Amino acid sequence: MPTYVYQEILPDGSDGEAFEYIQRMADQPLKTHPKTGNPVRKVFHSPNVSSKYTEGSTKNKLSDENVEKNGFTRYEKDKVTGRYHKTAGKDKRAPDVVDANKLKEIQKNGLV
Numbered sequence: 001m002p003t004y005v006y007q008e009i010l011p012d013g014s015d016g017e018a019f020e021y022i023q024r025m026a027d028q029p030l031k032t033h034p035k036t037g038n039p040v041r042k043v044f045h046s047p048n049v050s051s052k053y054t055e056g057s058t059k060n061k062l063s064d065e066n067v068e069k070n071g072f073t074r075y076e077k078d079k080v081t082g083r084y085h086k087t088a089g090k091d092k093r094a095p096d097v098v099d100a101n102k103l104k105e106i107q108k109n110g111l112v
């Protein structure tokens with residue numbers, strides 16, 4: 001349900017508290033403050049549409065170029081062999097292929 005902003009109108013005609021109210025789009029706008037009973041008016045403003053965490057933004061941040069530019073290495077798992085192959089990254093210390101079974105064994109022995 002959408003959140004609407006209302007402005008309370010005090011008895012002297014000045015603006016009172018601004019508050020948010022969640023209601024269905026089909027509901028009639030409020031005429032009075034739910035707590036004080038003072039008249040209110042609806043405040044219209046632009047909607048808050050986030051573009052920071054959109055699917056396109058995430059894809060852009062995880063592109064091969066951006067991964068490499070920020071110094072990371074990406075591996076993708078081969079479903080047949082279970083090995084991870086490097087798909088992005090320029091760090092020479094990072095191996096081109098990582099065997100998941102060998103990695104688990106190394107982790108069990110406490111070497112990583």
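Residue 61 in UniProt numbering is what sits at position 61 of the sequence shown, and the numbering runs on without skipping anything.
Cβ coordinates follow ideal geometry from the N, Cα and C atoms, glycine included.
Just so it is clear, the structure is predicted and the values come from calculations on it, not from any experiment.
Residue j beta carbon less than 9 Å from that of residue i
i           : j          : result
residue 18  : residue 6  : yes
residue 100 : residue 64 : no
residue 40  : residue 76 : no
residue 67  : residue 84 : no
C-alpha gap between residue i and residue j, whole angstroms
i           : j           : result
residue 24  : residue 95  : 55 Å
residue 11  : residue 51  : 41 Å
residue 14  : residue 28  : 24 Å
residue 72  : residue 110 : 24 Å
residue 2   : residue 43  : 14 Å
residue 70  : residue 59  : 15 Å
residue 30  : residue 38  : 11 Å
residue 33  : residue 48  : 24 Å
residue 78  : residue 86  : 11 Å
residue 22  : residue 16  : 19 Å
residue 36  : residue 54  : 40 Å
residue 62  : residue 104 : 26 Å
residue 107 : residue 57  : 35 Å
Residue from the options with nearest C-alpha to residue i
i           : options     : result
residue 90  : 83, 108, 74 : 74
residue 102 : 82, 30, 93  : 82
residue 45  : 92, 20, 31  : 20
Residue(s) in a DSSP beta bridge with residue i
i          : result
residue 39 : 32
residue 84 : 77, 98
residue 20 : 5
residue 15 : 9
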